[in-house]
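Structure first, then comments.
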Amino acid sequence: MGLNKENILLVDDDIHILELIQRHLQSLNYHTYKAVSVIEAIEILKDKSIDLLITDLKMPGVDGLELVKYVSEHYPDIPKLVVTGYPSIDGALEAMKSGVMDYLTKPFTKEELRKAVIKSFKLKPKKKLLKDPLKRDEAVSYGEMIGKSEAIKKVTDVIERVKNNKATVFITGESGTGKELVARSIHYMGKFARAPFIAVNCGAIPENLLEAELFGYTKGAFTGANDNRNGFFQAANNGTLFLDEIGNASLATQLRLLRVLQEKEVTRVGSQKVEKVDVRVIAATNIDLKELINKGKFREDLYYRLTVVQIHVPPLRERIEDVSLLTEKFLFKYGVEYKDRLIKISPEALQVLERYSWPGNIRELENVIQRAVIMCDKEIEIKDLPEHIKYQIDFPKEDRLFTLKEIEKKHILKVLAATNNNKSQAAKILQIDRKTLSEKLK
Ligand SMILES: Nc1ncnc2c1ncn2[C@@H]1O[C@H](COP(=O)(O)OP(=O)(O)OP(=O)(O)O)[C@@H](O)[C@H]1O
Ligand SMILES: [Mg+2]
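Residues 1 to 442 in the UniProt record's numbering are what the sequence shown spells out, letter by letter.
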């Protein structure tokens with residue numbers, strides 16, 4: 001028998017069956033991945049290049065049929081083989097309809113499994129899914145980060161370049177754009193991932209304690225210092241220290257930070273002794289440090305030390321093409337968490353999300369989806385979205401100023417879209433009667 005290089009993903013909540021199938025397939029020279037739940041399976045699908053899915057149907061939580069539908073939608077090239085202990089005609093039929101090519105009833109012999117696998121492969125178009133995060137014209141799935149905009153690809157490009165070295169990285173971006181996620185990705189995608197990642201919110205620690213927290217202190221250094229204590233720098237040794245909201249550090253702390261970055265050594269509060277540390281520093285802010293520098297509140301020399309490599313995470317409104325992917329991610333997350341199933345969104349509701357300006361960025365989108373999943377039945381519709389999102393008036397980006405008539409027309413069309421062309425409802429929102437609306441539409 002030749003060497004099969006195909007990757008097979010096995011999904012079953014019964015670990016014994018998983019191992020049994022795995023043994024059979026390994027002896028047939030297939031490479032296998034195991035998952036005991038649909039959620040785990042989807043994580044693997046995102047990460048690995050899979051050539052065949054073998055899944056159980058009845059599983060607690062999200063069941064196998066949902067997984068089959070998910071794979072058909074998101075990975076149409078992956079053939080699916082269903083293994084079931086409950087050969088109910090209905091279940092099997094439904095599975096066939098949703099694109100499963102074959103199914104096997106438990107118990108089965110190794111030979112039956114082999115035949116079913118070969119048959120499934122024959123039915124599939126021979127094409128591997130590429131999972132290269134740097135590949136253009138494709139959605140990026142980089143650790144937890146997803147997106148398909150050029151902007152997010154640029155961000156992951158830079159992460160690729162810095163993840164394996166200790167260059168200081170400076171991350172800017174509005175609140176909720178994903179700065180911390182970028183910092184974590186740099187650490188966890190790179191070769192120092194096993195060393196600690198320590199996140200410090202410089203704005204949350206009282207100014208007089210920040211130095212001691214960062215650099216450690218010696219016994220008796222100040223009242224309450226009953227022991228020698230390590231600071232965040234010592235704790236993050238060999239790994240990454242993430243200094244969030246760096247603009248909030250006092251000038252005294254800034255001076256000490258500058259020394260650490262220059263000399264790669266720290267001195268504890270209350271001590272003269274220097275200690276070597278090997279830490280990659282990532283700093284982030286959502287305020288304009290240049291402005292703080294002008295006001296004398298931030299050291300310019302520290303600024304240049306910190307900004308060796310800069311990553312700007314653009315606001316969501318500048319990468320609206322990412323909204324659908326992010327929505328899908330949150331739908332999955334909260335669908336499983338609250339409803340034990342995959343929740344969908346109607347195309348009209350998605351359109352509304354894509355028209356909104358997202359001042360709170362990805363965090364706001366996540367909250368909106370989380371709430372809508374709770375409020376909806378199977379699918380999020382426009383009615384499940386918050387009022388301010390449904391009816392937001394977006395001001396024209398063009399320089400030209402619009403006439404009242406033009407604005408009126410735009411607004412009417414917008415409300416109509418938001419109500420799925422329901423004229424009575426639109427008239428109600430616009431506080432005009434239906435007849436007036438019809439006339440205006442003419
Ligand atoms: N590209 C992305 N793909 C998937 N999830 C994302 C992405 N960017 C951000 N998120 C999610 O959005 C939320 C907000 O991200 P994060 O906390 O990193 O933002 P932030 O810029 O640090 O915000 P703040 O300035 O308010 O601290 C998190 O739940 C994060 O996982
Ligand atoms: Mg943050």
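Every residue, glycine too, gets a C-beta built ideally from N, C-alpha and C.
Can the beta-carbon of residue i be found closer than 8 Å to that of residue j?
i, j, result
"L67", "V117", "no"
"V415", "I311", "no"
"A167", "G239", "no"
"Y33", "I44", "yes"
"F232", "L214", "yes"
"D340", "G64", "no"
"V323", "L353", "yes"
"I412", "K440", "yes"
"F197", "Q254", "no"
"V158", "V309", "yes"
"L326", "V279", "no"
"L53", "V71", "yes"
For the putative contact between residue i and residue j, defined by C-beta atoms under 8 Å, what is the C-beta separation to the nearest angstrom?
i, j, result
"E245", "G203", "4 Å"
"A199", "E180", "7 Å"
"K122", "D102", "At roughly 10 Å, the Cβ-Cβ gap does not stay under 8 Å, so K122 and D102 are not in contact."
"G176", "I432", "Actually they are not in contact, since the Cβ atoms of G176 and I432 sit about 36 Å apart, beyond 8 Å."
"R305", "L350", "Wrong, their Cβ atoms sit about 44 Å apart, outside the cutoff."
"L210", "G247", "About 13 Å; that fails the 8 Å criterion."
"K110", "H24", "5 Å"
Please go through the same chain and pick out, in chain order, the residues whose beta-carbon is closer than 6 Å to the beta-carbon of residue i, but skip the five residues on each side of it.
i, result
"A249", "C202"
"I17", "none"
"D12", "L18 and D56"
"E379", "K344 and S346"
"K442", "none"
"T307", "F170"
"residue 443", "Outside the shown range of the chain, which is 1 to 442, sits residue 443, and nothing can be said about it."
"L113", "H24"
Report the option in the options whose CA atom is closest to the CA atom of residue i.
i, options, result
"Y303", "L316, A284 and E366", "A284"
"R184", "T223, E211, G247 and Y142", "Y142"
"L331", "I39, G190, L306 and N7", "I39"
"K273", "L437, E265 and V279", "E265"
"I171", "I429, V281, I374 and L430", "V281"
"D14", "E207, K106 and K69", "K106"
"Y338", "L53, L104 and C376", "C376"
"V169", "L243, Y188 and E111", "L243"
"T419", "K405, I407, K409 and E348", "E348"
"M59", "K69, S37, L52 and S72", "S37"
"E73", "A193, L342 and Y334", "L342"
"G335", "Q234, L52 and V373", "V373"
"Y188", "Q22, E144 and I407", "E144"
"K409", "Q425, L430, S424 and N422", "L430"
"G360", "Q26, G178 and I205", "G178"
Keeping to the same chain, check which residues put their C-beta closer than 7 Å to that of residue i; ignore five residues upstream and five downstream.
i, result
"V140", "P133, I146, G147, K148, I152, K153 and T156"
"P396", "Note on P396: pLDDT 48, under 50, position unreliable in the model; no value is reported."
"E300", "I293"
"Y217", "A225, R229, R268, V269 and G270"
"G220", "G270"
"E321", "K148 and S149"
"E207", "S250"
"D90", "For D90, the predicted model reports a pLDDT of 49, less than 50, meaning its position is unreliable and no value from the coordinates is stated."
"N237", "V277, D278 and V279"
Closer than 8 Å by C-beta to residue i: which residues in its own chain qualify, once you throw out the five before and the five after it? Chain order, please.
i, result
"residue 449", "Only positions 1 to 442 of the chain appear in the structure, and residue 449 is not among them; the question remains open."
"F222", "A212, V269 and G270"
"K191", "K163 and N164"
"K48", "N7, L9, Y33 and K131"
"T436", "A427"
"K329", "I146"
"I389", "V352, L353, Y356 and V368"
"I50", "N7, I8, L9, Y33, I44, Y75, I78 and L129"
"K135", "Reliability fails at K135, whose pLDDT of 40 lies under 50, so the model's placement of it is uncertain and the value that follows must be treated cautiously. Result list for K135: empty, nothing under 8 Å."
"K127", "Confidence at K127 is low in this model, with a pLDDT of 41, below 50, so the placement of that residue should be treated as unreliable; the coordinate-derived value is given next. Only D77 meet the Cβ criterion."
"L365", "L316, V323, L326, T327, F330, L353 and W358"
"D137", "The predicted model places D137 with a pLDDT of 47, which falls under 50 and marks its position as unreliable, so this point remains unresolved."
"L404", "none"
Using a Cβ-Cβ cut-off of 8 Å, state whether residue i counts as contacting chain C.
i, result
"K219", "Absent here is chain C; the protein component of the structure consists of one chain."
(message) Quick check for students: name the residue ranges of the beta strand (DSSP E) that lie wholly in the stretch 186 to 246, counting only runs of 3 or more.
(response) Secondary structure within the stretch 186 to 246: the beta strand (DSSP E) runs of 3 or more consecutive residues, fully enclosed, are 197 to 201 and 240 to 244 (chain order).
(message) Could you tell me which whole alpha helix (DSSP H) segments of length 4 or greater appear in the stretch 353 to 440?
(response) Those alpha helix (DSSP H) runs which fall completely within the stretch 353 to 440 and span 4+ residues are 361 to 375, 387 to 390, 404 to 418 and 423 to 430.
(message) Which complete beta strand (DSSP E) runs does the UniProt domain "Response regulatory" (7 to 121) hold, if anything under 3 residues is left out?
(response) Within the UniProt domain "Response regulatory" (7 to 121), the complete beta strand (DSSP E) segments at least 3 residues long are 7 to 11, 31 to 35, 52 to 56, 80 to 84 and 102 to 105, listed from N- to C-terminus.
(message) As an exercise, report each continuous beta strand (DSSP E) stretch of at least 3 residues that is fully enclosed by the stretch 272 to 300, in chain order.
(response) For the beta strand (DSSP E) assignment, the uninterrupted runs of no fewer than 3 residues enclosed by the stretch 272 to 300 are, from N- to C-terminal side, 274 to 276 and 280 to 285.
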